[in-house]
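Keeping their order, the protein sequence lines are chains A and B. The first sequence runs 1 to 104 under this note's numbering. The second sequence runs 1001 to 1104 under this note's numbering.
Protein chains: 2
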Amino acid sequence: MLEKTTRMNFLYDFYHSLLTDKQRSYMSLYYLDDFSLGEIAEEYEVSRQAVYDNIKRTEAMLEEYESKLLLFKKFQESSRLLKQLKSFVSDEGLSIIESLEKLD
Amino acid sequence: MLEKTTRMNFLYDFYHSLLTDKQRSYMSLYYLDDFSLGEIAEEYEVSRQAVYDNIKRTEAMLEEYESKLLLFKKFQESSRLLKQLKSFVSDEGLSIIESLEKLD
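1) Tell me the residue span of the alpha helix (DSSP H) that contains Ser95(A).
2) Taking Cβ to Cβ, would you say Phe10(A) is nearer than 9 Å to Leu69(A)?
3) Which residues in the same chain have their Cβ closer than 7 Å to the Cβ of Phe1075(B), if we skip the five residues on either side of it in sequence?
4) Taking only beta-carbon positions, decide if Ser90(A) is within less than 9 Å of chain B.
5) Taking 9 Å as the CB-CB limit, is Ser99(A) close to chain B?
6) Do you know whose CA, among Leu81(A), Ser90(A), Glu92(A), Ile97(A), lies nearest Ser1095(B)'s CA?
7) What are the boundary residues of the alpha helix (DSSP H) that includes Glu42(A)?
8) Taking 9 Å as the threshold (C-beta atoms), are Gln1084(B) and Asn1054(B) in contact?
9) Strictly under 9 Å for the Cβ-Cβ distance: is Leu1085(B) near chain A by that measure?
10) Between Ile40(A) and chain B, is the shortest Cβ-Cβ distance under 9 Å, so that the two count as touching?
11) Tell me which same chain residues have a C-beta within less than 6 Å of the C-beta of Met1027(B), skipping the five on either side of it?
12) How long is the line joining the alpha carbons of Asp1034(B) and Glu1101(B), rounded to whole angstroms?
13) Which residues bound the alpha helix (DSSP H) around Asp1053(B)?
14) Leaving out five residues before and five after Glu1043(B) in sequence, what residues of the same chain have Cβ atoms less than 6 Å from its Cβ?
15) Which word fits Leu2(A), buried or exposed, when buried means at least 16 other C-beta atoms lie within 10 angstroms of its C-beta?
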């Protein structure tokens, strides 16, 4: 479950701009703020099932975007390479690497 | 027009996986293979207007994806930084930079 939460947090980070406002609200309460389904349901005055269905659909959408755009996969690969690269650069190079890390 | 073509080629490169098969076919004939609207219309046995409308809508979708995900903008920035970085690395570092360039 922790692994899934971490993955969903990353996918949300990369693709949240493609979601609707409601999808963003539910996902961010559930995954970032650790609200329960019941608490979200109460907050939005909808059924727990409605929140659950919405979150499941959104998770599937995020996985679908990832399967098409691979932003998370490329991010992991680029983080690994930038970390390696740090052994082979001067101080000036290091500050450029930090700028590259901020881009992701 | 050349500038627009270059931009559309890049946006297509980044976001084509989010388009439908028909959108991909029209865009790739028009922008990559330099077919005219009339030639595409003939190929698919539809009106020239239908091809034009489809391409205009697809261009707008690509711009919309770019406004949300900024992949082209980040690519330009990362290309610039990686090029700078080449002055500050050893040979081993250079081969890592080449791997990073291939990721984009």
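We put the CB at the ideal spot given by N, CA and C, even for glycine.
To lay it out plainly:
1) 91 to 103
2) no
3) Asp1104
4) yes
5) yes
6) Leu81(A)
7) 37 to 44
8) no
9) yes
10) no
11) Tyr1012, Thr1058
12) 27 Å
13) 1048 to 1069
14) none
15) exposed
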